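This report concerns only the one structure given below.
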Amino acid sequence: MESLKSGSSHPLEVKKGTLVRTLKDYEIYKIEVSEAQSRLESLRDTEDRHEFRRAKEMLEEASAVLEFTRKRLAGYATDLDVYIRESIIPLLGTPNVPPMCKAYVKEAREHLDRLVTSHPEVEFKFAAEAS
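Using numbering that gives the first Met the number 0, you'd call the opening residue of the sequence shown number 0 and step up by one each time.
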């Protein structure tokens with residue numbers, strides 16, 4: 000197993016970082032969709048049809064980006080979960096495992112737990128629960 004020292008690009012770090020970054024993006028896009036919905040509702044009875052159409056387009060664009068990011072997030076979460084279960088967990092009992100490995104696994108699982116509890120619409124399930 001490669002070293003998990005700071006600055007290395009071990010697959011566990013890369014997969015966890017990708018999940019964390021995409022989760023942040025997803026949360027930002029959810030806010031954008033909510034704001035776009037509110038803006039559209041506030042313009043629903045307006046005389047300015049152009050402004051209403053523009054707000055509707057913005058909502059559609061934000062919703063499309065949110066859906067795309069949701070799918071990516073589910074894929075990254077599954078990839079990280081499978082990697083931990085198949086490649087990391089079997090090595091945790093061996094003597095050559097870097098001490099930080101357990102900490103990285105714990106941190107990765109905390110992010111996966113946050114995804115499951117905070118964003119059930121992403122439809123990610125841990126590998127053992129999926130069957």
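Quick reminder that beta carbons are idealized off the backbone N, C-alpha and C, glycines included. The structure displayed is predicted, hence computed values, not measured ones.
Query, Result
"C-beta contact flag for Ile87 and Cys100 at 8 Å", "yes"
"Close Cβ partners of Lys29 (< 7 Å) along its chain, the five nearest in sequence each way excluded", "Leu65"
"Reference Val19; option with closest CA among His49, Ala102, Glu109", "Glu109"
"Candidates Ala126, Pro10, Glu26: closest to Glu120 by CA position", "Glu26"
"Contact check, Tyr103 vs Glu12, beta carbons under 8 Å", "yes"
"Pick from Arg38, Arg71, Thr68 that is closest to Glu56, judged by C-alpha positions", "Arg38"
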